[in-house]
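One structure is given here, and the rest of the page talks about it.
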Amino acid sequence: MDGDSSTTDTTQLGITGEYMTGGTYVLQTQDDDGDESFNDHEDGNGGKEHFREQDIYLPIANVARIMKNAIPQTGKIAKDAKECVQECVSEFISFITSEASERCHQEKRKTINGEDILFAMSTLGFDMYVEPLKLYLQKFREAMKGEKGITPVTVSEGLGEELTDDSFTGQLPAGLITADGQQQNVMVYTTSYQQISGVQQIQFS
Amino acid sequence: MSEKNMEEKVEHATNSKNVSLPMSRVRLIMKSSPDVSCINQDALFLTTKATELFVQHLALSSYKNGSGKETNTLSYSDLANAAEEKETFQFLTDILPKKILARDYLKSLEEMKKDDDNL
Chain P
1 MDGDSSTTDT
11 TQLGITGEYM
21 TGGTYVLQTQ
31 DDDGDESFND
41 HEDGNGGKEH
51 FREQDIYLPI
61 ANVARIMKNA
71 IPQTGKIAKD
81 AKECVQECVS
91 EFISFITSEA
101 SERCHQEKRK
111 TINGEDILFA
121 MSTLGFDMYV
131 EPLKLYLQKF
141 REAMKGEKGI
151 TPVTVSEGLG
161 EELTDDSFTG
171 QLPAGLITAD
181 GQQQNVMVYT
191 TSYQQISGVQ
201 QIQFS
Chain Y
1 MSEKNMEEKV
11 EHATNSKNVS
21 LPMSRVRLIM
31 KSSPDVSCIN
41 QDALFLTTKA
51 TELFVQHLAL
61 SSYKNGSGKE
71 TNTLSYSDLA
81 NAAEEKETFQ
91 FLTDILPKKI
101 LARDYLKSLE
111 EMKKDDDNL
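Residue numbers (UniProt numbering), protein chains in the order written: chain P, 1 to 205; chain Y, 1 to 119.
Here it is in structure tokens:
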């Protein structure tokens, strides 16, 4: 399969690996069922083509999988039903977005935020989604915090929540300030971490 | 799909960041709306997650409501029926026209002509 050209396609379309799932989701570029094409209805669309806005769909395999998991296990889904839901989904996204966007404009804001989306859902008759979505958002934020280290003290990338001696194999970035709380108040690690007695665990105040 | 079912789904979510749809593609669709400039991270996540819920909702609702019960298959007409009958899905009626067999359409055209002739 010409997986290479489809990879190029996705790069040109600006779809890079910015998924949040850390590897559990991969943009399917090499599958046989033709998911690599941006518009799943047509075969092998060239990456350089300009896609009309009404042709932007989510990958049919993902949509079909969600549908399959929703209906009873013995149920089947007709192919035209899958394609149809694919289109409905794009319509749904546009529907919510334009409502949220309008509210934004009314309040003279430029960025659509989470509240706008939730409000739009409520207005458009999807208020049964709002509470579960808030819970999902909470979990999402917590997960993001742990990964990117958005804590009051600046932590460089790659450091986990709990720092132990074992986790330091290489160099610490310059300027990382730690406190051991025993004899000295502040220890500044500049280029390398050295085993210094008295430092049990690095704590961030 | 009841709210309670949804709550359960949220509780059972093992990977809290788990989204089954590509967020970058969702962003593209959002940006294709007129006058949309910036979308913040929360909004993008919420939209993606809501889309998943929507797919589940639409699929299950159509399946239960339609002929899927007998045939065990979710068909296009189940979706079209759901769009017409459920208020929540009415925004889809334009893109989910009910399909009609060509011969039925031609038949009804003929009958319309006959009515005109009779007037």
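Built from N, CA and C at the ideal position, the CB exists for glycine as well.
How is the alpha helix (DSSP H) around residue i delimited, first residue to last?
| i | result |
| --- | --- |
| K114 of chain Y | A102 to N118 |
| S98 of chain P | K79 to Q106 |
| D78 of chain Y | Y76 to E85 |
| K31 of chain Y | M23 to K31 |
| R65 of chain P | I60 to A70 |
Would DSSP call residue i helix, strand or coil?
| i | result |
| --- | --- |
| L124 of chain P | coil |
| T51 of chain Y | helix |
| K139 of chain P | helix |
| I117 of chain P | helix |
| Q182 of chain P | Here Q182 of chain P scores only 44 on pLDDT, less than 50, and its place in the model is too uncertain to base an answer on. |
| G146 of chain P | helix |
| K134 of chain P | helix |
| K99 of chain Y | coil |
| S20 of chain Y | coil |
| K64 of chain Y | helix |
| T71 of chain Y | helix |
| Q30 of chain P | In this prediction, Q30 of chain P has a pLDDT of 43, which is less than 50 and means its spatial position is unreliable; what the coordinates show is noted afterwards. DSSP places Q30 of chain P in coil when its eight states are reduced to three. |
| E162 of chain P | Only weak support is given to the placement of E162 of chain P: the predicted model assigns it a pLDDT of 47, under 50, and the value that follows is read from those uncertain coordinates. Three-state result, E162 of chain P: coil. |
| T111 of chain P | strand |
What's the call for residue i, buried or exposed, on a 16-neighbour Cβ count within 10 Å?
| i | result |
| --- | --- |
| P59 of chain P | buried |
| L106 of chain Y | exposed |
| A50 of chain Y | buried |
| R103 of chain Y | exposed |
| S90 of chain P | buried |
| D78 of chain Y | buried |
| residue 147 of chain Y | There is no way to answer for residue 147 of chain Y, as the model of chain Y reaches only from 1 to 119. |
| T93 of chain Y | exposed |
| E99 of chain P | buried |
| M112 of chain Y | exposed |
| I15 of chain P | Here I15 of chain P scores only 47 on pLDDT, less than 50, and its place in the model should not be relied on; the value that follows carries that caveat. I15 of chain P should be labelled buried. |
| I56 of chain P | buried |
| S101 of chain P | buried |
What residues from chain P crowd round residue i, counting only those whose CB sits closer than 7 Å?
| i | result |
| --- | --- |
| Y63 of chain Y | I71 and G75 |
| A59 of chain Y | M67, A70, I71 and V85 |
| D117 of chain Y | What D117 of chain Y touches in chain P: nothing, since even the nearest Cβ is about 37 Å away. |
| residue 173 of chain Y | Summary: the structure shown does not reach residue 173 of chain Y, with chain Y confined to residues 1 through 119, and so no result is reported for it. |
| D35 of chain Y | S101 and H105 |
Anything in chain P within Cβ reach of residue i, meaning under 8 Å, just list it in chain order.
| i | result |
| --- | --- |
| T88 of chain Y | G125 and F126 |
| residue 135 of chain Y | Any answer about residue 135 of chain Y is impossible in this case: the structure gives chain Y only from 1 up to 119. |
| N72 of chain Y | T74, G75 and K76 |
| E52 of chain Y | I66 |
Interface residues of chain Y around residue i at Cβ under 8 Å?
| i | result |
| --- | --- |
| E91 of chain P | F91, L92 and I95 |
Quick one: which chain Y residues come within Cβ less than 7 Å of residue i?
| i | result |
| --- | --- |
| S122 of chain P | Per Cβ cutoff of 7 Å: no residues; S122 of chain P is ~11 Å from chain Y at best. |
Could you tell me which chain P residues have their CB closer than 9 Å to the CB of residue i, listed as they occur along the chain?
| i | result |
| --- | --- |
| A102 of chain Y | Residues of chain P passing the Cβ test: none, with the nearest at roughly 16 Å. |
| S108 of chain Y | What S108 of chain Y touches in chain P: nothing, since even the nearest Cβ is about 23 Å away. |
Can you pull the chain Y neighbours of residue i, defined as C-beta to C-beta under 9 Å?
| i | result |
| --- | --- |
| A61 of chain P | Simply none; closest approach about 10 Å. |
| Is the region 114 to 124 of chain P touching the region 42 to 60 of chain Y in the sense that three or more CB pairs, one from each, lie closer than 8 Å? | yes
| Segment contact flag, the region 64 to 80 of chain P with the region 94 to 102 of chain P, C-beta cutoff 8 Å, min 3 pairs | no
| query | Is the number of C-beta pairs between the region 67 to 77 of chain P and the region 53 to 70 of chain Y that are closer than 8 Å three or more? | reply | yes
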